[in-house]
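Protein chains in written order, with my numbering: chain A, 1451 to 1709; chain B, 20 to 401.
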């Protein structure tokens, strides 16, 4: 099975803070890590490889320093790494990102399965996995919490729902996004680390993947960020009194102006 | 302090540290409370390729030495000496095969041990043979193409959880120390069974059981090395393994110091954090001094041993005594710094103090180590 795992380098959530003047994320002195959900995606890819044979290729779109998470992924069992990197990709929203990743993955050759984390902890959109599947015109299942079988080209899955789980089958090639319940990621291995140290990372730029200049980066993005601000916690408290019906009425009156 | 580790050594430290922080520390209290063997953590260690650190590459290992094992064990010891002991005991059980086994024997057992698919255990101690190994009662008699083992081993670490056992048995009592030989016994061998799991003061995540041999018949080629050379291989094995026990003391001492300093900065009495009081500061300073001195000696001894000198016993014994006596002292002092809280199971230092005690006892008591050092000194000055 040829497996692709998409990973993203994100700021460590423990360190995230906003610059109070610019209202943008303070990046200076903030450690970068592999998006935690992607770590579960990688682990599941490596486990599938161990059970059924094949290879795991990790793909990341990001600046040159994103190479660190690709090497980390190889230390944890991935075989090959592709960095999709170009100044022209900067400012991409999920629309432009899925276009870019789809182009890079097509360029990289045939695959059986793509696994993504359910979302990145910086943007929190959960759009890139499903969007990528749409771009590649393959089926997808999101919020996968368990893979139960792989038979006759179909994966049997449990999809996490609010009130339990769905049993789903998906034909390959296809795409999954996974939740953290799916597995317990391993730590890097010694042989993996040695391999990661010397591995040459295949870097693809906009030209390599044949990207249309108007579909990538800021020009290719349909999202406009109007304003970013840190919420102010006022800590106001109002006690409602009276019978339950009276309290409900008071509450509805208070909420109505915001609807 | 910076010990100028190589890049590979730093990788070993990084991986071991991550396993310790992510897997061992979150589970250690529960494993201790339930006296549960840490199978899942040992699997993580296996996946990280750390069971084969000391095993040559041709048998699937990393091809490292004593110092590499020391670096890993220091981290694991910082997390939980019980878990770390289960890992270390597999290495202890593997060393005799590596030191004296035939090529076929190494080919058969080493790759599985290196991959962590099978765990090993070392069986020397008996009810009447602790510090005095000449009291061994277990016998092995050659009968045609098979050795027949009879006897009972006591307090065997990984007993019942390992698959490969290296067992010392008497093959000719009339020959004294030259009458003992080493054998490999597998968990599936007929006539081999286990006693009850022992209840211990500390290292409760590790398993300790009796091994019982009743007409246990094993193939002739399970003899490790030659007949009568058992004790020589045992002594070499322990020389190689003791720095590992010493490094458990270093890791444990570091864990206790970390807890004590963090607590002393937070705990306010008489209007100040207690670290502001000289009585506490001096305790912490002494803990740090003893810890770093022990670490330096353990690293130096391990590197000395990796240079394959003839005289490794003294260095091996010195670092074991120094680091494990330090661990007992430093963990006891950490409990004292945390005082009432330190005595409670809610905080980890009482477990550290309980775990420290075994380090002064197993793989040769610290009194026996001092005998070894004394005898070596006596030889050196003739």
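We treat Cβ as the ideally placed atom computed from N, Cα and C, and that holds for glycine.
Beta-carbon gap between residue i and residue j smaller than 9 Å
i, j, result
"residue 389(B)", "residue 340(B)", "yes"
"residue 1644(A)", "residue 30(B)", "yes"
"residue 264(B)", "residue 381(B)", "yes"
"residue 1492(A)", "residue 1506(A)", "yes"
"residue 49(B)", "residue 218(B)", "no"
"residue 302(B)", "residue 279(B)", "yes"
"residue 115(B)", "residue 207(B)", "no"
"residue 394(B)", "residue 385(B)", "no"
"residue 1729(A)", "residue 1591(A)", "Given a span of 1451 to 1709 for chain A in the structure shown, any question on residue 1729(A) remains unanswerable."
"residue 1654(A)", "residue 1534(A)", "yes"
"residue 1607(A)", "residue 1597(A)", "yes"
"residue 1527(A)", "residue 1636(A)", "yes"
"residue 358(B)", "residue 372(B)", "no"
"residue 168(B)", "residue 256(B)", "no"
"residue 370(B)", "residue 51(B)", "yes"
"residue 1697(A)", "residue 1705(A)", "no"
"residue 1652(A)", "residue 1531(A)", "yes"
"residue 1621(A)", "residue 1603(A)", "yes"
"residue 203(B)", "residue 233(B)", "no"
"residue 1638(A)", "residue 33(B)", "yes"
"residue 1563(A)", "residue 1610(A)", "no"
"residue 109(B)", "residue 58(B)", "no"
Residue i versus residue j: straight-line alpha-carbon distance, rounded
i, j, result
"residue 1514(A)", "residue 1661(A)", "19 Å"
"residue 68(B)", "residue 1640(A)", "6 Å"
"residue 1633(A)", "residue 132(B)", "26 Å"
"residue 1595(A)", "residue 1502(A)", "19 Å"
"residue 1521(A)", "residue 1646(A)", "5 Å"
"residue 1543(A)", "residue 1549(A)", "10 Å"
"residue 319(B)", "residue 21(B)", "14 Å"
"residue 175(B)", "residue 188(B)", "14 Å"
"residue 196(B)", "residue 235(B)", "23 Å"
"residue 222(B)", "residue 47(B)", "10 Å"
"residue 161(B)", "residue 246(B)", "11 Å"
"residue 214(B)", "residue 171(B)", "9 Å"
"residue 1451(A)", "residue 112(B)", "39 Å"
"residue 43(B)", "residue 1553(A)", "42 Å"
"residue 81(B)", "residue 28(B)", "11 Å"
"residue 1666(A)", "residue 26(B)", "39 Å"
Neighbourhood of residue i by C-beta distance below 7 Å, restricted to the same chain and skipping five residues each side
i, result
"residue 180(B)", "56, 138 and 226"
"residue 349(B)", "272, 275, 276, 306, 309 and 310"
"residue 299(B)", "283, 293 and 356"
"residue 205(B)", "182 and 183"
"residue 317(B)", "89, 262, 265, 266, 269, 338 and 342"
"residue 1565(A)", "1453, 1455, 1491, 1494, 1495, 1626 and 1628"
"residue 1536(A)", "1655 and 1656"
"residue 125(B)", "78, 116 and 117"
"residue 346(B)", "268, 271, 272, 375 and 378"
"residue 1711(A)", "With chain A represented from 1451 up to 1709, any question about residue 1711(A) goes unanswered, as that position is not in the structure."
"residue 1469(A)", "1476"
"residue 387(B)", "150"
Nearest-angstrom Cβ-Cβ length linking residue i and residue j, presumed shorter than 8 Å
i, j, result
"residue 159(B)", "residue 230(B)", "That pair is no contact at about 13 Å."
"residue 64(B)", "residue 166(B)", "The Cβ separation is near 32 Å, so there is no contact."
"residue 224(B)", "residue 391(B)", "Incorrect: roughly 29 Å between the Cβ atoms, too far for contact."
"residue 1683(A)", "residue 1568(A)", "No, residue 1683(A) and residue 1568(A) are not in contact; Cβ-Cβ is about 27 Å, not under 8 Å."
"residue 1571(A)", "residue 1485(A)", "6 Å"
"residue 1668(A)", "residue 1516(A)", "Not confirmed; about 18 Å, so no contact."
6 Å CB neighbourhood of residue i in its chain, flanking five on each side removed
i, result
"residue 261(B)", "335, 339 and 382"
"residue 148(B)", "154 and 155"
"residue 93(B)", "266, 269 and 270"
"residue 1649(A)", "1524"
"residue 146(B)", "173"
"residue 1467(A)", "1476"
"residue 157(B)", "170 and 188"
"residue 122(B)", "none"
"residue 1575(A)", "1544"
Chain-order list of residues whose beta-carbon lies under 8 Å from that of residue i (same chain, five-residue window excluded)
i, result
"residue 1545(A)", "1581, 1670, 1671, 1672 and 1673"
"residue 84(B)", "73, 321, 324 and 325"
"residue 134(B)", "65, 70, 71 and 79"
**Request:** Give the residues from the stretch 230-254 of chain B that approach chain A closer than 9 Å (Cβ to any Cβ), ordered along the chain.
**Result:** Flagged: no residues at all.
**Request:** With 7 Å as the C-beta to C-beta threshold (strictly closer), list the residues of the stretch 34-45 of chain B near chain A in chain order.
**Result:** When CB distances to chain A are screened at a threshold of 7 Å, the residues of the stretch 34-45 of chain B falling below it are 34, 37, 38 and 41, in chain order.
**Request:** Taking only beta carbons into account, state which residues of the stretch 64-90 of chain B come closer than 7 Å to chain A, listed in chain order.
**Result:** Those residues of the stretch 64-90 of chain B that come within reach of chain A (Cβ to Cβ, closer than 7 Å) are 66, 67, 68, 69 and 81.
**Asked** Can you list, in chain order, the residues of the stretch 1617-1641 of chain A whose Cβ is nearer than 8 Å to any Cβ on chain B?
**Response** Against chain B - using a Cβ distance shorter than 8 Å - the residues of the stretch 1617-1641 of chain A are 1636, 1637, 1638, 1639, 1640 and 1641.
**Request:** Check distances from the C-beta atoms of the stretch 101-133 of chain B to those of chain A and list, in chain order, the residues that come in under 9 Å.
**Result:** Within the stretch 101-133 of chain B, no residue qualifies.
**Request:** Note down, in chain order, all residues in the stretch 1641-1656 of chain A with a beta-carbon under 9 Å from any beta-carbon belonging to chain B.
**Result:** Residues 1641, 1642, 1643, 1644 and 1647.
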